[in-house]
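Numbering (the numbering used here), first residue to last: 15 to 481.
Report on the following structure.
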Amino acid sequence: MASRFLTEPFERFRRSFSPAQILTGRISNGQLLLSSASPARKVLLWPEQPLSLDGEGEGPASLPLSLEERKDLPLVLFWPAEQTVSASLRLPPSVTTLEKEAAIGALIELRLPWPIEESLLAWETDPADSSEVHAWAISRTALEGWLGKLRAIGLAPRWVLPESLLVLERFFPHSPDRGQGATDHKPSGMIAADGGRILCLLSRGGHIAAEAAFSEPDVPKEARDRRILDLLFSFLAEGHRLPERFLRDPAVAPSPGLAAITGPLPDLPKETALAGWRLVSGRSREDSAAFSFLKGPLAWQGDKAERRAGLRVLGLLSLLLIATLVADASVHLSRIDHRLEAARRALDQAASRALPGRRIVEPVGQLTQELAALDRQKELLSRGPDVIRIMRDLTTAPPSGVTYEMVSLNVTRRFFTVSGKTDSFKSVDKLKKAFEATGHMRDLTIQSAGLDIDRKTVTFRMRGRHD
Numbered sequence: 015m016a017s018r019f020l021t022e023p024f025e026r027f028r029r030s031f032s033p034a035q036i037l038t039g040r041i042s043n044g045q046l047l048l049s050s051a052s053p054a055r056k057v058l059l060w061p062e063q064p065l066s067l068d069g070e071g072e073g074p075a076s077l078p079l080s081l082e083e084r085k086d087l088p089l090v091l092f093w094p095a096e097q098t099v100s101a102s103l104r105l106p107p108s109v110t111t112l113e114k115e116a117a118i119g120a121l122i123e124l125r126l127p128w129p130i131e132e133s134l135l136a137w138e139t140d141p142a143d144s145s146e147v148h149a150w151a152i153s154r155t156a157l158e159g160w161l162g163k164l165r166a167i168g169l170a171p172r173w174v175l176p177e178s179l180l181v182l183e184r185f186f187p188h189s190p191d192r193g194q195g196a197t198d199h200k201p202s203g204m205i206a207a208d209g210g211r212i213l214c215l216l217s218r219g220g221h222i223a224a225e226a227a228f229s230e231p232d233v234p235k236e237a238r239d240r241r242i243l244d245l246l247f248s249f250l251a252e253g254h255r256l257p258e259r260f261l262r263d264p265a266v267a268p269s270p271g272l273a274a275i276t277g278p279l280p281d282l283p284k285e286t287a288l289a290g291w292r293l294v295s296g297r298s299r300e301d302s303a304a305f306s307f308l309k310g311p312l313a314w315q316g317d318k319a320e321r322r323a324g325l326r327v328l329g330l331l332s333l334l335l336i337a338t339l340v341a342d343a344s345v346h347l348s349r350i351d352h353r354l355e356a357a358r359r360a361l362d363q364a365a366s367r368a369l370p371g372r373r374i375v376e377p378v379g380q381l382t383q384e385l386a387a388l389d390r391q392k393e394l395l396s397r398g399p400d401v402i403r404i405m406r407d408l409t410t411a412p413p414s415g416v417t418y419e420m421v422s423l424n425v426t427r428r429f430f431t432v433s434g435k436t437d438s439f440k441s442v443d444k445l446k447k448a449f450e451a452t453g454h455m456r457d458l459t460i461q462s463a464g465l466d467i468d469r470k471t472v473t474f475r476m477r478g479r480h481d
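The following block contains the structure:
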């Protein structure tokens, strides 16, 4: 139980970066084309499977997923280009991020066949120039109708993206040419077909510059080619520079009207699921919300539920962490208390040995007072200079054969002065050297030396430093 409490949230957290399975859907001719892939393993699990939500053809029961499994899988839904109004717009530099949606709505409103109040907007900003955006608008009523059908079979899209983004991603998987386009800004053109649905796309710098689409089932090939050429001429009329050749999906068969301006591509893999995941992964939440039509009340509520669940898990983990910190702090304080108690006992024992016969109440204060009392006694008992040692040196230092009579001795804290009588001036010098040789008397000087009144003895006076 405890292991699941930790592993399941971690598994959900890991799958938020690279889920084990995703679904991608396209709307084509009233059907939902659903495919699945594994972004973690980067493999297609099953290709596009047409599902009829109106009771005709294959229904939801044919899906290799149970109803419960569908609810947990992220779904990227691509809205058909022929039901989308798009335009490349330049916003005023003063428009802020919060005002961008309103500014785009005001600029694209004149192109809409339905009121702007019933529109849902998506846009992609040019990274090189934040004022340049390519915007899409769809009918809220049409989208809500499809969302209701999808919810009825257990599917809830997290993102609803313009189909032109999928076409661009499929023509240039992993976007190798987008980086080159961002450098030289050469235009690239694509013509994609899906039955009677045609999408003409113009990109520059790796981003969509213009697009146009129409849907005419069972139209003759010549009429279809003329309609495609009209769309390309409309790009020129809007001031776009066309590429030398347009890349075409293999579904668009070469015909005399298009052969001169189109070039075929190798067969493109129909891995719309992986292409859809590449579009929504690796982007910031703000960018993902910008080019998805699900905004406001229609925004996918799973993000909020996941955030709430994540906050609950974070709260529980925080409580667990706080409890662990409190327990660790309690153990640490208990150890400190034991160490303090041991230190008190050791201090009491030391104070008892230092102050025998006295009651120990405050060992630190009592020992401090005792130390101060001993310091005062030391000052009182101190003799200052060691007079005994000086007297011993003055008595024992003279060499044999040299005698003198000490008349006076004056000792201060650092100096001493001695006067006496001896038999000759040479004896005075010998006495000076002998006193210096003791090592305790330094810097000796003979202050005076002369014959006494009897003219037989020499009186002298010496001064020096002592230890």
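Built from N, CA and C at the ideal position, the CB exists for glycine as well.
It should be emphasised that the depicted structure is a prediction, and the values quoted were computed from it without experimental measurement.
Which of helix, strand or coil does DSSP assign to residue i?
i	result
glutamate 236	helix
aspartate 351	helix
arginine 477	strand
aspartate 468	coil
serine 438	coil
glutamate 138	strand
alanine 166	helix
proline 190	Confidence at proline 190 is low in this model, with a pLDDT of 38, below 50, so its placement is unreliable and the value that follows should be read with caution. In the structure shown, proline 190 sits in a helix (DSSP, three-state: H, G or I).
histidine 346	helix
threonine 417	coil
leucine 385	helix
tryptophan 160	helix
glutamine 461	strand
glycine 277	strand
aspartate 143	strand
glutamate 225	strand
proline 33	coil
phenylalanine 449	helix
phenylalanine 249	helix
alanine 313	coil
valine 109	coil
valine 375	coil
threonine 431	strand
glycine 195	With a pLDDT of 40 at glycine 195, under the threshold of 50, the predicted position of this residue should be treated as unreliable, though the coordinate-derived value follows. Here glycine 195 sits in helix by DSSP.
leucine 485	Past the boundaries of the shown model lies residue 485; the chain is included only from 15 to 481, so the question cannot be answered.
leucine 423	strand
arginine 326	helix
Quick check on the DSSP output: the beta strand (DSSP E) that includes residue i runs from which residue to which?
i	result
aspartate 208	201-208
tryptophan 60	57-66
threonine 38	36-42
serine 50	45-52
valine 90	89-93
alanine 101	99-104
arginine 211	211-218
phenylalanine 260	260-262
Name the two residues that bound the continuous alpha helix (DSSP H) containing residue i.
i	result
valine 401	401-410
glycine 119	114-122
arginine 184	177-185
arginine 292	286-294
leucine 81	81-86
serine 302	299-304
What residues in its chain sit with their C-beta under 6 angstroms from that of residue i, if we drop five residues either side in the sequence?
i	result
glutamine 194	Low local confidence applies: a pLDDT of 41 at glutamine 194 is under 50, so the model's placement there is unreliable, with the coordinate-based value given in what follows. Counting only Cβ-Cβ distances below 6 angstroms, and skipping sequence neighbours, we find nothing.
aspartate 140	Glu146, His221
tryptophan 173	Val90, Val294, Ser306
phenylalanine 92	Arg40, Leu175, Glu177, Leu180
proline 94	Ile41, Glu177
threonine 38	Ser49, Val90, Thr286, Ala287, Gly290
Which whole-angstrom value is the C-beta distance of residue i and residue j, which I expect to be below 8 angstroms?
i	j	result
leucine 46	serine 52	Contact doesn't hold; Cβ gap of about 21 angstroms is too wide.
alanine 289	leucine 215	That pair is no contact at about 14 angstroms.
alanine 411	threonine 452	5 angstroms
alanine 223	serine 217	6 angstroms
histidine 148	tryptophan 160	The Cβ separation is near 23 angstroms, so there is no contact.
leucine 250	alanine 226	That belief does not hold up - the Cβ atoms of leucine 250 and alanine 226 are roughly 12 angstroms apart, past 8 angstroms.
proline 231	glycine 253	About 32 angstroms separates the two Cβ atoms, so there is no contact after all.
leucine 164	proline 171	7 angstroms
histidine 454	arginine 403	6 angstroms
Could you name the residues of the same chain whose beta carbon sits closer than 8 angstroms to that of residue i, not counting the 5 residues immediately before and after it, in chain order?
i	result
phenylalanine 429	Arg477, Gly478, Arg479, His480
isoleucine 205	Ile212, Leu213, Cys214, Leu215, Ile242, Phe260, Leu261, Arg262, Asp263, Val266, Leu272, Thr276
glutamine 380	Ala365, Leu369, Arg372, Ile374
valine 99	Ile122, Arg125, Leu126, Pro127, Trp150, Ala151, Ile152
serine 302	Trp173, Val294
leucine 408	Met420, Leu423, Val432, Phe449
Report all residues from its chain with a CB closer than 7 angstroms to the CB of residue i; omit the five preceding and five following residues, and keep chain order.
i	result
arginine 255	Pro201
alanine 463	Phe439, Val442, Val472, Phe474
proline 413	Lys444, Ala448
Any heavy atom of the ligand MN closer than 7 angstroms to the beta-carbon of residue i?
i	result
methionine 405	The model on display carries no ligand, and the ligand MN is accordingly not part of it.
Assess contact between the region 76-89 and the region 119-127, defined as three or more Cβ pairs (one per stretch) separated by less than 8 angstroms. Is contact present? no
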